[in-house]
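Below: the structure, in structure tokens.
2 protein chains.
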Amino acid sequence: MKDILDKEDFQVVKEGITYPQGIKAAGVKCGIRFNKKDLALIYSEKLADAWGMFTTNKFKAAPLVVTEKNLSFSGGKLQAILINSGIANACTGEGGLKDAWETVNYVSEGLKINKKYVAVTSTGKIGEFLPMKNIENSLKEAISKLSTSGSTEAAEAILTTDTKKKEIAINFKLKGEEIRIGGMAKGSGMIHPNMATMLGFITSDISIKGELLQEALQEVVKKTFNMISVDGDTSTNDMVLVMANGLAGNKMVDKKDADYYKFLEALQYVAEYLAKCIARDGEGATKMIEVVVQGAISFGEAKKVAKAVINSPLVKTAVFGKDPNWGRILAAVGYSGAEVIPDKIDLYLKEKVVEDGQPLTFSRQKLHEYLGSSDEVKIIIDLKMGEVNATAWGCDLTYDYVKINTKYS
Amino acid sequence: MKDILDKEDFQVVKEGITYPQGIKAAGVKCGIRFNKKDLALIYSEKLADAWGMFTTNKFKAAPLVVTEKNLSFSGGKLQAILINSGIANACTGEGGLKDAWETVNYVSEGLKINKKYVAVTSTGKIGEFLPMKNIENSLKEAISKLSTSGSTEAAEAILTTDTKKKEIAINFKLKGEEIRIGGMAKGSGMIHPNMATMLGFITSDISIKGELLQEALQEVVKKTFNMISVDGDTSTNDMVLVMANGLAGNKMVDKKDADYYKFLEALQYVAEYLAKCIARDGEGATKMIEVVVQGAISFGEAKKVAKAVINSPLVKTAVFGKDPNWGRILAAVGYSGAEVIPDKIDLYLKEKVVEDGQPLTFSRQKLHEYLGSSDEVKIIIDLKMGEVNATAWGCDLTYDYVKINTKYS
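Order-wise, the sequence lines are chains A and B. Each residue of the first sequence is one higher than the one before, counting from 430 in my numbering. Each residue of the second sequence is one higher than the one before, counting from 430 in my numbering.
If you want it as structure tokens, here you go:
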């Protein structure tokens with residue numbers, strides 16, 4: 430992350446999803462979540478190139494089906510995104526699909542834009558139907574409140590059991606033109622994206638060819654949102670959307686040149702920041718865990734190892750207990766399914782604790798104190814087989830995770 | 430299970446691993462686990478046909494490597510099994526291997542049997558070395574205490590964080606001859622066998638061809654021990670061993686005839702009983718969960734679904750919270766990786782709560798009470814695609830699981 434910040438022409442600013450030119454947002458209460466904002470709207474003044482990535486769960490929620498269709502109808506263009514929290518509109522059959530299409534109609538009529546340029550999504554309880562009348566009415570309020578300073582209210586309205594809003598904005602220069610990117614996300618439980626309910630929304634005013642925007646999103650999601658895990662449960666509603674409306678006025682990025690890679694780097698920064706926010710704010714979490722796997726022969730192999738460690742309940746509880754229990758980490762490496770050579774592996778937990786698969790002498794007390802003092806724990810696993818790295822983010826498993834998830838629904 | 434008990438010539442008796450003729454056992458304290466029995470010895474008076482199944486974890490513990498070698502050297506014969514709890518002798522490199530071979534020597538010398546007929550195994554903390562002097566001395570005590578009534582002490586000596594000993598014995602008749610089977614196991618944490626630290630030991634006095642014994646064990650482990658999960662962590666030390674010494678005097682089972690299938694059924698009963706004991710006694714568990722997947726096109730597909738549901742932290746916490754949260758169950762089915770048709774699936778939680786992928790009207794309060802009143806929760810998922818079933822067993826995820834696993838090691 431530091432790499433980017435050190436560069437003179439990258440800048441992180443205290444803004445959110447509405448930071449790029451021509452992007453407005455609003456967040457209002459539509460009555461699903463008692464006395465909390467639960468309906469967010471994002472709007473681009475200019476039709477934007479857009480792309481989305483969706484859950485791999487076979488029970489894909491109705492609004493995701495609808496949004497995928499619209500992206501296909503419009504050939505990768507969007508102008509508005511409507512998000513409600515509290516109800517997921519998943520496992521709701523034909524009725525749920527009809528409702529999702531109906532919300533598209535509301536947005537299309539309210540904003541006077543073509544239906545195919547509308548994305549809709551939902552997060553919350555599975556198996557319940559949307560309160561359509563509430564949404565119709567509150568959407569009118571949201572439209573009337575759309576503004577370039579609405580990012581925080583929108584970021585709040587998409588949360589469920591999250592404890593913190595997750596937003597970021599950055600700018601960088603392409604041949605003198607300032608390009609802006611804004612992002613917001615929600616996470617918390619059922620987080621094991623492939624996509625997880627993880628929702629991510631990224632806007633930019635960059636001018637970029639649609640195909641390249643798609644490719645950039647896929648590349649970045651693979652290394653960021655798809656590398657976090659709170660509990661190994663892949664949700665029915667995971668979705669990441671990006672919109673780029675071209676209002677920055679840069680010369681269109683239309684090939685994989687230096688400009689493209691600069692944008693990719695910026696997009697990666699935004700996505701990684703949001704992904705880490707989600708991991709840090711996992712249900713009940715007290716610590717974020719970062720697992721770096723080095724020296725793998727491929728990204729796939731590195732990912733298997735990183736995911737196995739980040740998902741292990743025994744590793745997660747050990748971190749909560751401030752226990753430098755390297756044995757549990759090695760056991761997870763061993764069952765990850767990756768081809769590893771046990772007696773080559775080095776393991777670092779602040780310091781090197783395992784070399785060539787066997788424990789070194791280290792101060793258990795010192796590491797216990799380190800684990801106690803930091804709210805970020807970094808585990809580095811060096812497979813010493815190849816040159817490829819992967820990083821995964823997650824969180825510890827605590828009493829509060831159990832508490833949050835045992836509440837009688 | 431009832432199927433067997435209803436048959437006149439199957440009988441479950443209050444015995445354990447020493448129930449078959451010619452099997453003796455002992456359990457003693459060797460000083461690893463403070464003031465608890467931690468060294469068990471099983472001995473067959475007659476050289477037994479034997480087979481083992483071992484963890485798929487790449488960090489396979491030293492004693493498992495040694496035991497696999499011995500089973501290969503001896504062509505599938507064993508006469509003694511030594512088990513210690515408290516230290517796993519895993520991730521201990523060359524030194525750990527040397528120690529494991531040395532324990533084989535102790536047993537071989539003490540019992541005056543060939544080294545290749547000795548199996549050794551360990552369960553407990555990873556990365557620590559066995560206290561060899563203690564084991565050498567306590568083994569002498571164990572040998573002197575070997576008896577046909579030593580099953581309970583042996584079953585106690587192999588436990589770690591288990592709260593209950595796990596043993597069973599049954600008999601049945603083959604053409605008038607009584608065949609006996611005894612078994613014991615340990616489980617608790619890092620339970621996600623493929624093989625998990627799950628240890629299982631089964632003895633019998635049946636006379637059966639070695640190859641058929643192997644095949645029977647593989648068939649049974651696939652459907653029992655490999656279908657349980659406490660936390661998704663596959664241990665470095667999982668192992669199941671079977672010994673059959675032929676002392677029952679039956680005509681040797683040497684082909685897949687009715688006698689073979691009767692033995693297979695009996696072996697399945699013993700293994701399933703022990704597997705369920707392990708699930709029920711999972712770390713911190715208050716309830717056993719049984720997931721039955723019906724109507725799959727193959728066992729592999731049914732297993733994927735059953736394992737995804739039994740492993741889902743959100744399903745496990747919902748059961749702890751007595752919450753009939755069918756949405757979390759469907760979400761797990763959806764991300765299981767199995768090819769399912771969402772709008773075909775039926776789901777039963779005592780009663781049918783989902784039909785064709787959509788919720789039915791049911792009394793949430795009644796199901797909440799059912800979940801509260803029972804210490805076994807049965808989830809039936811009907812995929813309605815084929816004819817194949819699979820059953821998996823696990824347990825709820827509770828505050829105590831977190832507590833047990835956050836204790837600073």
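Using N, Cα and C, we set each Cβ at its ideal position, and we do this for glycine too.
Check, Outcome
"Buried or exposed, going by whether 16 or more other CB atoms sit within 10 Å of the CB of A/I770?", "exposed"
"For A/C520, would you say it is in contact with chain B, using Cβ-to-Cβ distances shorter than 8 Å as the test?", "yes"
"Quick one: what's got a C-beta closer than 6 Å to B/K839's C-beta in the same chain, skipping five residues either side?", "With chain B running from 430 to 838 in the structure shown, residue 839 of chain B is simply not present."
"Please name the residue in A/I446, A/K466, A/D683 whose C-alpha comes closest to that of A/F630.", "A/I446"
"From A/K498 to A/V699, what does the alpha carbon distance come to, in whole angstroms?", "26 Å"
"Any chance you could list the alpha helix (DSSP H) runs of at least 4 consecutive residues sitting entirely within the segment 510-537 of chain A, in chain order?", "none"
"Taking Cβ positions, are A/I707 and A/G616 nearer each other than 8 Å?", "yes"
"Give the straight-line distance between the Cα atoms of B/I587 and B/D467, rounded to the nearest whole angstrom.", "6 Å"
"What residue ranges within the segment 550-637 of chain B form continuous beta strand (DSSP E) runs of no fewer than 3 residues, ordered along the chain?", "595-603, 606-615, 628-633"
"Check whether the Cβ of B/A819 lies closer than 8 Å to any Cβ atom in chain A.", "no"
"Taking all protein chains shown into account, decide if A/E701 is buried (16 or more other Cβ within 10 angstroms of its Cβ) or exposed.", "buried"
"Would the segment 814-833 of chain A and the segment 740-753 of chain A be scored as touching if the rule is three or more Cβ pairs under 8 Å?", "yes"
"At the 8 Å Cβ level, is B/F488 part of the contact set with chain A, yes or no?", "yes"
"Give a yes or no on whether the C-beta atoms belonging to A/K486 and B/G786 are separated by under 8 Å.", "Checking the sequence shown, residue 486 of chain A turns out to be Asn, not Lys. Cβ distance not < 8 Å, so A/N486 and B/G786 don't count as in contact."
"At least one CB of chain B closer than 8 Å to the CB of A/T581: is that the case?", "no"
"Please compile the residues from chain A whose C-beta is within a distance smaller than 9 Å of the C-beta of B/W755.", "C520, I555, G556"
"Please list the terminal residues of the continuous alpha helix (DSSP H) segment that includes A/T835.", "828-835"
"Closer than 8 Å, CB to CB, is B/D772 near chain A or not?", "yes"
"Tell me the residue span of the alpha helix (DSSP H) that contains B/S802.", "793-802"
"Of all the beta strand (DSSP E) runs that stay within the bounds of the segment 679-746 of chain B, which reach a length of 3 or more residues?", "717-725"
"Taking only the alpha-carbon atoms, compute the straight-line gap between A/I516 and B/N655 and give it to the nearest angstrom.", "37 Å"
"Just checking: is the beta-carbon of A/Y698 within a distance shorter than 8 Å of some beta-carbon in chain B?", "no"
"Leaving out five residues on either side along the sequence, give the residues of the same chain with a beta carbon under 6 Å from the beta carbon of A/G801.", "K751"
"By Cβ distance, which residues of its chain are closer than 8 Å to B/E607, with the 5 residues on each side in sequence left out?", "N600, F601, A677"
"Which term fits A/D683, buried or exposed, when burial requires 16 or more other beta carbons within 10 angstroms of its beta carbon?", "exposed"
"Below 7 Å between beta carbons is the criterion; list the residues of the segment 821-833 of chain A that meet it against any residue of chain B, in chain order.", "L826, T827, Y828, V831"
"From B/L646 to B/M613, what does the alpha carbon distance come to, in whole angstroms?", "15 Å"
"Between which residues of its own chain and A/A544 is the CB-CB distance below 6 Å, once the five residues before and five after are set aside?", "The amino acid occupying residue 544 of chain A in the given sequence is Lys; Ala does not appear at that position. V533, S537."
"So which residues on chain B does A/V769 lean against when the C-beta distance must stay under 7 Å?", "K487"
"Where do the N-terminal and C-terminal ends of the alpha helix (DSSP H) with B/I758 fall, by residue?", "755-764"
"Is the beta carbon of B/E805 closer than 8 Å to that of B/M717?", "yes"
"Looking at the secondary structure, which residues open and close the alpha helix (DSSP H) in which A/S473 lies?", "Looking at the DSSP string, A/S473 is not in any alpha helix (DSSP H); the run it does join, the beta strand (DSSP E), is 468-483."
"A/Y448 bridges to which residues according to DSSP?", "Answer is none; A/Y448 lacks a bridge partner."
"Does the ligand HEM have even one heavy atom less than 7 Å from the beta-carbon of A/E640?", "As presented, the structure is devoid of all ligands, the ligand HEM included, so that no description of it is given."
"Leaving out the 5 sequence neighbours to the left and right, which residues in its chain are closer than 6 Å to B/A477 when beta-carbon positions are compared?", "L507, M672, A673, N674"
"Any beta carbon of chain A sitting closer than 8 Å to that of B/P449?", "no"
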